[in-house]
Amino acid sequence: MISKWLFSGAFLFELGSWISAASNLPVLEAALLYTLAHGLGSLLLTIGIWMLLPRRYRFPLPWSPLFIFCLSFFIPLIGMVGVSLSLFPALYLPRKRREQPWQAVGVPELPFRPQEKKHDLMFGDGGLQDVLLHASDPDQRLTAIFATRRMRSREAIPILKLALRDASDDVRLLAYSMLDQRESRINQRIEHALEQLAKAKPGRRYAIHGMLARWNWELAYVGLAQGSVLEHVLDQARQHVNQALQGAPSAELHLLAGRIALEQGDLESAAAHLDDAEAAGAAAAQLAPYRAEIAFLRREYRAIPRLLGEIPSDLLQRPPLAALARYWL
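Each residue of the sequence shown is one higher than the one before, counting from 90 in my numbering.
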């Protein structure tokens, strides 16, 4: 309502300015009357239009209303007409909004942008053991334990044992659960093989003894057995492998018997089984690491470079033999 009165007053003042310009008054008086009437009309028009402008066009002050006033005041006779013809249609006949060409949806629950990279890396040069030792976030240590599921037992079990000493209950419980799962799978296979052994025919018993020797050796090799349990497991493995050798001796069984004897510290028996394995067809390169270990335990250090030299060079360049080759060769 106020804007209508302002626009009406602006129209009347502008009409009066035109009349004063067309009157027979002296030039000076006519100019003064025109300037006064035109200025008041421009001011009222500016105030009325400024009040109708959207908020984002009203500011900053005083530049927004001053721009409208200058357009109207400094263009004689047709200034207000031009401002009215340019702004009134935009104020009273705004452009229709186009249909939104996309569908607005809520923020998804899952991450919808790349996660920020943390300053402390999940897997550093030291691997998962360094994460368990140095990572302050328990979630990172839990992730490191989950990563061992795809690792071989020989590499995973030392990491899980390290996690048993963690300060977080969740980390310790998860590590214990994963260790128990690995041990339970092997024990179940041993129990199943023992049940088969009790029912097996004499000709089949040798193969089952070999199977039992392998699974008992697996418990010792991966580190699931320690102390007196380790001694018992090695004794069981040695008894079963000796029973298996009585039936169908092979290079693989002689090698297994040699590794069991080596783990028990029986170097003479270990060396004899390795010789039998070579006579049964095992490659000298396959037996060389174990013979080198026997030579080291016997303090026959001069024989170690010769034995390691029997291993193919490409194998010596990969762990775990790479460090041995750098030291001895």
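Just so you know, even glycine gets a beta-carbon here, dropped at the ideal spot from N, CA and C.
Given the structure is predicted, the values throughout are model-derived calculations rather than measurements.
| field | Contacts around arginine 278, its chain only, beta-carbon distance under 7 Å, and the 5 residues preceding and following it disregarded | value | Taking the sequence shown and counting its residues from 1, one reaches residue 278 at position 189. Excluding sequence neighbours, arginine 278 sits near Trp304.
| task | Please report the Cβ distance between isoleucine 383 and leucine 351, rounded to the nearest whole angstrom; I am assuming they are in contact, meaning their Cβ atoms lie under 8 Å. | result | If you number the sequence shown from 1, residue 383 lands on position 294. If you number the sequence shown from 1, residue 351 lands on position 262. Contact holds; Cβ gap of about 7 Å.
| Apart from the five residues on each side of it in sequence, which residues of its chain come closer than 6 Å, Cβ to Cβ, to leucine 301? | Residue mapping note: residue 301 aligns to position 212 of the sequence shown, counting from 1. If we look at leucine 301 and ignore the five residues flanking it on each side, its Cβ neighbours are Ala282, His329.
| Apart from the five residues on each side of it in sequence, which residues of its chain come closer than 7 Å, Cβ to Cβ, to methionine 211? | For the purposes of this step, residue 211 is identified with residue 122 of the sequence shown, where counting begins at 1. Model confidence at methionine 211 stands at a pLDDT of 48, short of 50, so the residue's coordinates are unreliable; what they give is reported in the following sentence. Here the set comprises Val220, Gln229, Thr232.
| query | Hey, out of Ala374, Ala346, Ala372, whose CA is closest to alanine 361's CA? | reply | In the sequence shown, residue 361 corresponds to position 272, counting from 1. If we check each option's Cα against that of alanine 361, Ala346 comes out closest.
| query | What are the boundary residues of the alpha helix (DSSP H) that proline 394 is part of? | reply | By one-based count along the sequence shown, residue 394 stands at place 305. Element bounds for proline 394: 392 to 398.
| field | 7 Å Cβ cutoff met for alanine 337 and tyrosine 295 | value | Translated into positions along the sequence shown, residue 337 becomes position 248. Translated into positions along the sequence shown, residue 295 becomes position 206. Cβ atoms of alanine 337 and tyrosine 295: closer than 7 Å.
| request: Could you tell me if valine 196 is buried or exposed, where buried requires 16 or more neighbouring beta carbons within 10 angstroms of its beta carbon? | output: For this step, residue 196 is matched to residue 107 along the sequence shown. The residue in question, valine 196, is exposed, as its Cβ has fewer than 16 Cβ neighbours within 10 Å.
| Whose C-beta lies closer than 8 Å to the C-beta of asparagine 331 among residues of the same chain, with five residues either side of it excluded? | Locating residue 331 in the sequence shown gives position 242, where the first residue counts as 1. Only Ala346 meet the Cβ criterion.
| task | Assign aspartate 255 to one of three DSSP states: helix, strand, or coil. | result | What you label residue 255 is simply residue 166 of the sequence shown in a count that begins at 1. Coil at aspartate 255, not helix or strand.
| query | So, are the CB atoms of alanine 373 and glutamate 399 less than 7 Å apart? | reply | Position 284 of the sequence shown, counted from the first residue, corresponds to residue 373. Position 310 of the sequence shown, counted from the first residue, corresponds to residue 399. In contact: alanine 373 and glutamate 399 (Cβ atoms closer than 7 Å).
| Could you give the distance in angstroms between the alpha-carbon of phenylalanine 235 and the alpha-carbon of alanine 245? | Residue 235 sits at position 146 when you count from the first residue of the sequence shown. Residue 245 sits at position 156 when you count from the first residue of the sequence shown. Taking the straight line from one Cα to the other gives about 10 Å.
| query | In three-state DSSP terms, what is phenylalanine 163? | reply | Along the sequence shown, one-based indexing puts residue 163 at 74. DSSP places phenylalanine 163 in coil when its eight states are reduced to three.
| message | Tell me the DSSP secondary structure of aspartate 214 in three-state form. | response | Translated into the one-based positions of the sequence shown, residue 214 becomes position 125. Confidence at aspartate 214 is low in this model, with a pLDDT of 41, below 50, so the placement of that residue should be treated as unreliable; the coordinate-derived value is given next. Aspartate 214 falls in the coil class under three-state DSSP.
| Simplified DSSP assignment, three categories, for valine 311 | Indexing the sequence shown from 1 puts residue 311 at position 222. The answer is coil: DSSP assigns valine 311 none of H, G, I, E or B.
| message | On a Cα-Cα basis, can you pick out the residue from Pro378, Glu272, Gln325, Ala289 that is closest to proline 394? | response | Counting from 1 along the sequence shown, the entry for residue 394 is found at position 305. Nearest C-alpha to proline 394: Pro378.
| field | Cα-Cα separation between aspartate 355 and arginine 327, rounded to whole angstroms | value | Along the sequence shown, read from residue 1 onward, the residue named residue 355 stands at position 266. Along the sequence shown, read from residue 1 onward, the residue named residue 327 stands at position 238. Spanning the two alpha carbons is a distance of roughly 11 Å.
| field | Closest residue to glutamate 272 among Val318, Lys290, Gly292 (Cα-Cα distance) | value | Mapped onto the sequence shown, residue 272 falls at position 183. Nearest option by C-alpha distance: Val318.
| Based on Cα-Cα distance, which residue from Leu344, Ala368, Ala369, Ala371 lies nearest to serine 358? | As a working mapping, residue 358 is identified with position 269 in the sequence shown. If we check each option's Cα against that of serine 358, Leu344 comes out closest.
| field | glutamine 406, buried or exposed, once every other Cβ within 10 Å from all chains shown has been counted against 16 | value | Residue numbering aside, residue 406 sits at position 317 when the sequence shown is read from its first letter. It is exposed - the Cβ of glutamine 406 has fewer than 16 other Cβ atoms within 10 Å.
| message | Could you compute how far the alpha carbon of proline 227 sits from the alpha carbon of threonine 237? | response | Along the sequence shown, one-based indexing puts residue 227 at 138. Along the sequence shown, one-based indexing puts residue 237 at 148. Spanning the two alpha carbons is a distance of roughly 16 Å.
| Straight-line gap, proline 154 to phenylalanine 148 (C-alpha atoms, nearest Å) | Within the sequence shown, numbered from 1, the residue matching residue 154 stands at position 65. Within the sequence shown, numbered from 1, the residue matching residue 148 stands at position 59. Each residue's alpha carbon lies about 9 Å from the other.
| Cβ-based neighbour list, glutamate 280, same chain, cut-off 7 Å, excluding 5 preceding and 5 following | Residue mapping note: residue 280 aligns to position 191 of the sequence shown, counting from 1. Contacts found: none.
| Between which two residues does the alpha helix (DSSP H) harbouring asparagine 331 extend? | Here residue 331 refers to the residue found at position 242 of the sequence shown. Segment 316 to 336, the alpha helix (DSSP H) holding asparagine 331.
| field | Residue span of the alpha helix (DSSP H) that contains threonine 232, given as start and end | value | Position 143 of the sequence shown, counted from the first residue, corresponds to residue 232. From DSSP, the alpha helix (DSSP H) with threonine 232 extends over 227 to 236.
| task | Go to glycine 367, then tell me how far its alpha helix (DSSP H) extends in each direction, as first and last residue. | result | The residue labelled residue 367 in the question sits at position 278 within the sequence shown. It should be pointed out that residue 367 corresponds to glutamate in this sequence rather than to glycine. Unbroken alpha helix (DSSP H) run through glutamate 367: 356 to 368.
| query | Under a three-way DSSP split, which group does asparagine 276 fall into? | reply | Position 187 of the sequence shown, counted from the first residue, corresponds to residue 276. In the structure shown, asparagine 276 sits in a helix (DSSP, three-state: H, G or I).
| said: Helix, strand or coil for serine 266? Go by DSSP, reduced to three states. | reply: The residue you call residue 266 lines up with position 177 of the sequence shown. Correct three-state label for serine 266: helix.
| field | Integer-rounded CB distance, given that alanine 333 should sit under 8 Å from leucine 323 | value | As a working mapping, residue 323 is identified with position 234 in the sequence shown. As a working mapping, residue 333 is identified with position 244 in the sequence shown. About 15 Å; that fails the 8 Å criterion.
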